[in-house]
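Under this note's numbering, the sequence shown has 61 at position 36, and the numbering climbs by one with no breaks. Just so you know, even glycine gets a beta-carbon here, dropped at the ideal spot from N, CA and C.
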Amino acid sequence: MILDLPPTTIELITAKAEQAGMTVDELLISTFTKDDEDAYYEWFYQHHFDIERLTKAIGETDENGRAKHTVSPPKGLAKDKEAFRTWVKANAS
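Here you go:
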């Protein structure tokens with residue numbers, strides 16, 4: 026659906042969205058669905074959590090949907106930043 030709005034209206038809506046730190050779509054959805062939060066969340070998840078797009082970005086997955094070909098850091102590295110940096114450099118590809 027395309028709306029024919031005057032340029033000044035478009036500029037005002039865009040500026041308001043930028044001030045709020047969101048996209049124009051997010052601003053309009055949140056403005057017009059304040060009484061229906063479910064509609065907003067449905068729209069949000071549809072546009073931000075596209076399972077097919079995420080699966081493609083992750084790549085190959087195992088039978089449980091977890092990404093294959095990943096490396097888990099050894100336990101205890103979080104306590105020692107230098108050891109963690111060394112481990113990351115050694116395992117980065």
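Coarse secondary structure for THR95, derived from DSSP in three states: coil
Own chain, CB closer than 8 Å to LYS41, minus 5 neighbours either side, in chain order: LEU52
THR39: first and last residue of the uninterrupted alpha helix (DSSP H) it sits in: 32 to 45
DSSP state of THR48 mapped onto helix, strand, coil: coil
Length of the line joining the Cα atoms of ILE83 and ALA92: 6 Å
Cutoff 7 Å; reference TRP68; Cβ partners in own chain excluding five residues on either side: ILE54
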